[in-house]
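If you read the protein sequences in the order shown, they are chains A, B and C.
Numbering-wise, the numbering used here comes out as the position in the first sequence, counting from 1, plus 26.
Numbering-wise, the numbering used here comes out as the position in the second sequence, counting from 1, plus 6.
Numbering-wise, the numbering used here comes out as the position in the third sequence, counting from 1, plus 31.
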Amino acid sequence: MNDISLSIHDQEFLVLLGPSGCGKTTTMRMVAGLEEPSMGDIFIGSKKVNDELPKDRDVAMVFQNYGLYPHMSVYENIRYPLKVRKVPKSEHEHLVRKTAVKVELGNLLNRRPRELSGGQRQRVALARAIVRAPTVFLMDEPLSNLDAKLRVNMRAELKHLQHELRITTIYVTHDQIEAMTLADRVAVMDNGIISQLDTPERIYNDPDNLFVAGFIGSPSMNLLEGSMEDGKFLHSGFSVKAGFGSNQDVTLGIRPEDLELTSAENTDCSGRVYSFELTGESTLVTVQLADDRLTIRGPNEYRVAIDETVGIRFNPEKCYLFDSESKQRIRS
Amino acid sequence: MRDRYLKYLFVMPAVLVVFTAAIWPLIQSFYMSFREWKLSRSRFSRPLWEYEYDGWENISYLFENYLRAFEDDAMWNAVRVTSTFTVASVVFTIGLALALALLLAPGGRFRFTVRTLLILPFAMSPALIGVSWRFMFQPDFGLFKAFFDVLIPPLADADWLGDPTLALIAVTGSDVWHWTPYLTLVFIGGLANVPRDAQEAAMIDGAPAWMVFRDVTLPSMLPVLAVGVILKTIFSLKMFDQVFMLTNGGPGNATQTLAHFIYFQGFKYYDMGYASAVSYLLVIPMFGLTWLYMRLVFLKK
Amino acid sequence: MSMSNRSRKKLLDFLQFLVILLAAIIILVPIYWIVSGAFKQQVDIFQLKLLFTPTLDNFKIIFKSPYNLFDKLVNSTLVALSTVMITIPLATLAAYSFSRFRMKAEKVMFVTILATQFVPAVVIVLPFFILFRDIGILDTRLALVLVNLSLIMPFAIWMIKGFIDGIPLDTEEAALVDGSGRIQVVLNVVIPMALPGVITAGIFCFILAWNEFLFALIITTNKAVTLPVGLSLFHAEEGVLWHLISAAGIMIMLPMFVLATLIQKHFVQGMTMGAVR
């Protein structure tokens, strides 16, 4: 961890996004009380919680590997927080069952964790977290151990659940699609600092720096190094009208969907096809351009052969310029 | 495939050795327990019961050694001593080992250094342990005398090895000292396999440290603990070396365990038949425990 | 609670430190007692002196007659070494078989082998005593090795099997597919990988054989006496010769401490007694 400062709004779904080792899990564990900050303060509500043990902070956490109690039944697992916090026994049954129904575990209450599938275990972990309606939800890559199809389903479930329960949530993930689909705001983290904190739209459409621009988007944004001269972006082999900026070394970023494939004339530049992929809803074409490769998203009927020469046109409105040295975004 | 024969070939030599070295003597002992064999009197053994002389109605002669054991006060004394010793040593060893494992499991240089010490008591010959403790308990110049002089004066004059109860405590102490560090290492290994996530989940759910231990750590440790208890019990029942060196069964026979009693019968009084019979009485609880151990370890598979 | 959580934690940490320190001291004291006794003169022992002038005389005495500890040392080394040299190869082969193959009556065999470990040593030694006496090899190192095998072999099989179980099958299977015969696989692939485990088991068994007491006590009287039994030589009429027995004790202890420290790392791996899979 290096240095971060973060303020999360009430009932907000905040996602900490970043590659492995960026510090997102550590940050969340500090909020939970499982790790200690070497410097700084953590507040939950208006209460400073630095010295509080996890059990006194009223947070609930869903672990990546679920962290279920292996020797207890599903019922007992969900009930545990109530038992430990001395909620009157008479209410246990009702609360557990209500929560179980909410995550569709109603008929599995007597099973043991080892008898359940990954998706079911994950829902038990979820139920255990929500049964006591904590102040804060913490989720550490809860979907990463599920298979692809289940992950998509659970994403929708989580979003719905959070909206219904209205509990402030901190969600950690390295998967940017999860971040974009679930978050109210995203904190993109890199090497212990927050690179950008914004809504998903602005993270996508208005990245602050090269890291965020390159991290968000699938397939990722194309990045080309070159220089600006008189409003034109100069790269070995071609130039593009990019609008503004003083003369300096820049990196141009443009998303695959903002590039257009044309015939070899009437273009900004051209190159040979390196490979292509049919994804069903579009065709991704990778074109070799001197030393760089560009990925272009084309219509799903578009067909081309490897080594064929194609032309590429840039949408000037969608060009992002970044200072090559500071990596910061240059805005007009 | 050649494997089919090879695998038996691989096992054969070792199995043969075990058979000759361990199983044959077991069978021989069993056979001897039904004969009279006092080496001091004659070179050969003599059957306790023969059909021609005794007839079926006197078949109980066959079991003379066993019946004698049941009437023998010294034997029952040994049973009493062994039981007390076993229960005490198992309880203290397992309890202390678990506590020590919890203390030593976390990382850090200090704990690591202490952990390297744990193997030493196990590497020390139990006979030597007996000598060392006997030395420490010497009434005039032993360590404990100096220790109690300073800390607990009333106990300073106690003659540990001369008092029946204190002597048994001394023997138990030496055995606990011998095994606890080793079991601590085993338990530390067991603790490493407790799911960390579940422990943290319990902390977040609201459980204080002791509750996390009771509800998450302990249930996960149960198999290791159970195996530890069974094995320690077996080792306690077998214990001989320390008793021999520390007290030699004394004072009187206050610390004479069954293993020691059998030794005396066989090699001090040279009553081989009787010694065999009593050993087989000891073998019975051993088999029970072995069966328990096997169930625990093998049924998992 | 008047203390904040932070200072409470510090107090608990300190208490833990004290307890661990206490445990470390308790572990070391009986060992230290012998070590210090070995370097004291007899007079110092009787006076319970804490500060004393150390002497090496005790060691000189025990190697001369009538004690002749050197002979005992030789006996211990030869017996333990022989036992281990016979046991380890046989045990490794058997352990490999138990680990990798399914055999008829496999469980019964393995269980029986283990069960012999749990039998009191006296039961085994009685018949051997008579047999050895009859064929005249009582009080020989050979006899001792034979009896020790009953103790060491099952243990070695169990321990080595534990290590082999922990070695992934991939490399072996790749070698088999490449065309190696089973024996070559064992020699060229398995044994190198299992070597740390086998060595650990070997050293472990050596320690057990070296420290073994009951068998040696009964089988040997004079020529083949090993070090632990040799301790009883120091019971004189006036009482035990503590300074000499301590010196002998060091001969027994220290080599084993060195060996034990060597195998420490690999130690716990096989040592969860099969309970944790």
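Every residue, glycine too, gets a C-beta built ideally from N, C-alpha and C.
Just so you know, these numbers come straight off a predicted model, no measurement behind them.
- Taking 8 Å as the cut-off, the beta carbon of A:I356 is found closer than this to the beta carbon of A:V276.
- Contact note: B:K274 does not reach chain C at a C-beta cutoff of 7 Å; the least C-beta distance is about 11 Å.
- Put simply, the backbone Cα of A:I219 is about 15 Å away from that of A:M56.
- For B:S35 against C:P158, the beta-carbon gap comes to about 6 Å, under 8 Å, which counts as contact.
- A residue is called buried once 16 or more other Cβ atoms fall within 10 Å of its Cβ, and B:T178 is buried on that count.
- Of the candidates A:G144, A:A290, A:V162, A:Y197, A:G144 places its Cα closest to the Cα of A:A174.
- Scanning its chain for C-beta atoms nearer than 7 Å, with the 5 sequence neighbours on each side dropped, one finds around A:P245 the residues P282, L310, T321, in chain order.
- The Cβ neighbour count for B:W62, taken over all protein chains shown within 10 Å, is under 16; the residue is labelled exposed.
- Shown here, A:G324 sits in a strand according to DSSP, grouped into three states.
- In this chain, the alpha helix (DSSP H) harbouring C:C236 covers 222 to 242.
- Note on C:S128: 16 or more other CB atoms within 10 angstroms of its CB, so buried under the neighbour-count rule.
- Between C:W189 and C:L145 the beta-carbon gap is near 6 Å, inside 8 Å, which marks them as a contact.
- The residue among B:W166, B:F267, B:L15 with its C-alpha nearest the C-alpha of C:V153 is B:F267.
- Chain C has no Cβ within less than 8 Å of the Cβ of B:T261.
- Excluding its 5 nearest sequence neighbours in each direction, B:V137 has C-beta neighbours in its own chain below 7 Å: M251, listed in chain order.
- Counting along the chain, the unbroken beta strand (DSSP E) around A:D166 starts and ends at 162 to 166.
- Taking the Cβ atoms as the reference, B:S226 lies roughly 4 Å from B:V200, within the contact range of under 8 Å.
- Note on geometry: alpha-carbon atoms of B:S46 and C:I161 lie some 13 Å from one another.
- Proximity of A:L60 to chain B, defined by a Cβ-Cβ separation below 8 Å, is satisfied.
- Chain-ordered listing is empty here: chain B has no CB closer than 9 Å to the CB of A:V311, the nearest sitting near 44 Å.
- Per DSSP, reduced to three states, the secondary structure at C:A267 is strand.
- Among the CB atoms of chain B, none fall inside 8 Å of the CB of C:T202.
- Where A:R339 is concerned, the enclosing beta strand (DSSP E) starts and stops at 335 to 340.
- The residue among C:F48, C:P61, C:R213, C:I76 with its C-alpha nearest the C-alpha of C:V271 is C:I76.
- Using a CB distance cut-off of 8 Å, A:P168 does not count as an interface residue toward chain B.
- For A:L223, the enclosing beta strand (DSSP E) has its first and last residue at 219 to 224.
- Under the three-state reduction of DSSP output, B:P53 falls in the strand class.
- A straight line joining the alpha-carbon of B:A173 with that of B:S95 spans about 14 Å.
- Secondary structure of A:S308 (DSSP, three-state): coil.
- Around the beta carbon of A:M65, a 10 Å sphere encloses fewer than 16 other beta carbons of the protein chains shown; the residue is thus reported as exposed.
- Around the beta carbon of B:V17, 16 or more other beta carbons lie within 10 angstroms, which makes this residue buried.
- By the C-beta criterion, the stretch 339 to 355 of chain A is judged to be in contact with the stretch 229 to 240 of chain A, since at least 3 inter-stretch pairs fall below 8 Å.
- DSSP, read as helix, strand or coil, puts A:T288 in strand.
- Any Cβ of chain B closer than 8 Å to the Cβ of C:Y98 would place that residue at the interface, and such an atom is absent.
- For the pair C:L248 and C:K254, the Cα-to-Cα distance works out to about 12 Å.
- Boundaries cannot be given for A:I34, as no alpha helix (DSSP H) includes it and DSSP labels it neither H nor E.
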